[in-house]
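The structure appears right after this line, and notes come after that.
There are 2 protein chains.
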Amino acid sequence: MIKVSVMYPDTPAARFDHEYYRDRHMPLVKTLMGDSCKYYTVDKGLAGGAPGTPATYIGRCHIFCDSVQAFQAGFGPHARQIMDDIANCTDLAPVLQVSEVVVGH
Amino acid sequence: MIKVSVMYPDTPAARFDHEYYRDRHMPLVKTLMGDSCKYYTVDKGLAGGAPGTPATYIGRCHIFCDSVQAFQAGFGPHARQIMDDIANCTDLAPVLQVSEVVVGH
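From first to last, the protein sequence lines stand for chains A and B.
Note that the first sequence covers residues 1 to 105 in our numbering.
Note that the second sequence covers residues 106 to 210 in our numbering.
This is how it looks when you write it as structure tokens:
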């Protein structure tokens with residue numbers, strides 16, 4: 001199992017509509033990707049490690065797939081539509097990372 | 106529910122013992138934290154978003170707790186022992202982030 005993390009670095013003037021991201025954008029991603037997305041999780045940055053510091057990422061999602069190939073097959077054909085929809089909730093450019101799930105839930 | 110992400114930024118000369126992290130370190134964290142850690146996940150960086158780029162984080166764990174207070178109560182008394190054990194698998198300094206779990210699994 002792999003996870004693709006899409007992580008939005010926080011900035012002082014960041015716009016990020018957490019409700020839209022949770023209620024509209026991520027369900028759209030799941031619908032478009034179908035079974036190639038086994039499930040996904042979403043989190044909202046609250047704080048950094050040191051007292052009074054902000055979270056590195058204001059919002060993140062993690063898309064869980066059987067393999068990188070499965071992710072690419074499910075995401076690729078809909079990449080444009082998914083990217084276009086992102087503009088509805090944020091102007092931030094995400095950092096992406098592909099990881100092996102070593103210990104899952 | 107909140108998650109505390111402990112994320113190790115990759116470097117060209119990074120040492121990171123994924124097996125120790127999975128088999129020894131994280132089980133130690135869970136044992137020490139007890140029920141204040143509901144569960145945890147671990148992942149291993151494979152790749153960045155652009156072709157041929159490395160993952161931002163070589164390894165990460167995410168510790169799930171009912172609240173920030175629950176995390177602090179469970180982690181705080183054992184922080185020194187947990188930090189000391191980290192040296193057994195890496196010299197990297199982690200980036201920490203506390204997040205609200207908006208969509209969990």
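Glycine included, each C-beta is placed from N, C-alpha and C at the ideal position.
Residue closest to residue i, alpha-carbon to alpha-carbon, out of the options
{"i": "G76/A", "options": "H25/A, F16/A, L32/A", "result": "L32/A"}
{"i": "E19/A", "options": "V42/A, T56/A, G104/A, V102/A", "result": "V42/A"}
{"i": "S204/B", "options": "D23/A, L28/A, Y57/A", "result": "Y57/A"}
{"i": "C37/A", "options": "L28/A, R24/A, V95/A", "result": "L28/A"}
{"i": "D140/B", "options": "V207/B, D171/B, L201/B, D122/B", "result": "D171/B"}
{"i": "M106/B", "options": "Y126/B, K135/B, D122/B, Y144/B", "result": "Y144/B"}
{"i": "A192/B", "options": "Y126/B, P114/B, V207/B", "result": "Y126/B"}
{"i": "P51/A", "options": "V173/B, P117/B, D190/B, M188/B", "result": "V173/B"}
{"i": "A118/B", "options": "L151/B, F176/B, D196/B", "result": "D196/B"}
{"i": "G104/A", "options": "D122/B, K149/B, R129/B, D115/B", "result": "K149/B"}
{"i": "K30/A", "options": "G74/A, D10/A, M83/A", "result": "G74/A"}
{"i": "G48/A", "options": "A93/A, P9/A, V102/A", "result": "P9/A"}
{"i": "F121/B", "options": "Q177/B, A198/B, Q186/B", "result": "A198/B"}
{"i": "V101/A", "options": "V207/B, T116/B, T158/B, L151/B", "result": "L151/B"}
{"i": "T116/B", "options": "T158/B, I187/B, M131/B", "result": "T158/B"}
Residue i: contacting residues in chain A (beta-carbon distance under 9 Å)
{"i": "H130/B", "result": "Neighbours of H130/B on chain A: none; closest Cβ ~11 Å, over 9 Å."}
{"i": "K135/B", "result": "Within chain A, no residue comes near K135/B; the closest Cβ sits about 10 Å away, beyond 9 Å."}
{"i": "G154/B", "result": "V4, V6, P94, V95, L96, Q97, V98"}
Residue i: CB within 7 Å of a non-hydrogen atom of the ligand FAD
{"i": "T161/B", "result": "For the structure depicted, the ligand FAD is absent and the ligand set is empty, with no information on it obtainable."}
Interface residues of chain A facing residue i [CB-CB closer than 7 Å]
{"i": "I181/B", "result": "For clarity, residue 181/B is Gly in the given sequence; the question names Ile instead. What G181/B touches in chain A: nothing, since even the nearest Cβ is about 13 Å away."}
For residue i: DSSP bridge partner residues
{"i": "I63/A", "result": "V4/A, Y40/A"}
{"i": "G153/B", "result": "Q97/A"}
{"i": "P114/B", "result": "Y162/B"}
Under 8 Å by beta carbon: chain A residues contacting residue i
{"i": "A160/B", "result": "Q97, V98, S99"}
Partner residues on chain B for residue i, Cβ-Cβ distance less than 7 Å
{"i": "G45/A", "result": "Q202, S204"}
Neighbour list for residue i in chain B, Cβ cutoff strictly below 8 Å
{"i": "Y40/A", "result": "V208"}
{"i": "R22/A", "result": "V207, V208"}
- Should the stretch 55-65 of chain A be regarded as contacting the stretch 2-15 of chain A, the criterion being three or more beta carbon pairs within less than 8 Å? Yes: at least three Cβ pairs fall under 8 Å.
- Task: Within the stretch 66-104 of chain A, note down every full alpha helix (DSSP H) run reaching 4 residues or more, in order along the chain.
- Result: Runs of alpha helix (DSSP H) with 4 or more residues, each lying fully within the stretch 66-104 of chain A, are found at 68-75, 79-86, listed in chain order.
- Query: Should the stretch 153-162 of chain B be regarded as contacting the stretch 89-104 of chain A, the criterion being three or more beta carbon pairs within less than 8 Å?
  - Reply: With the cut-off at 8 Å, the stretch 153-162 of chain B and the stretch 89-104 of chain A touch.
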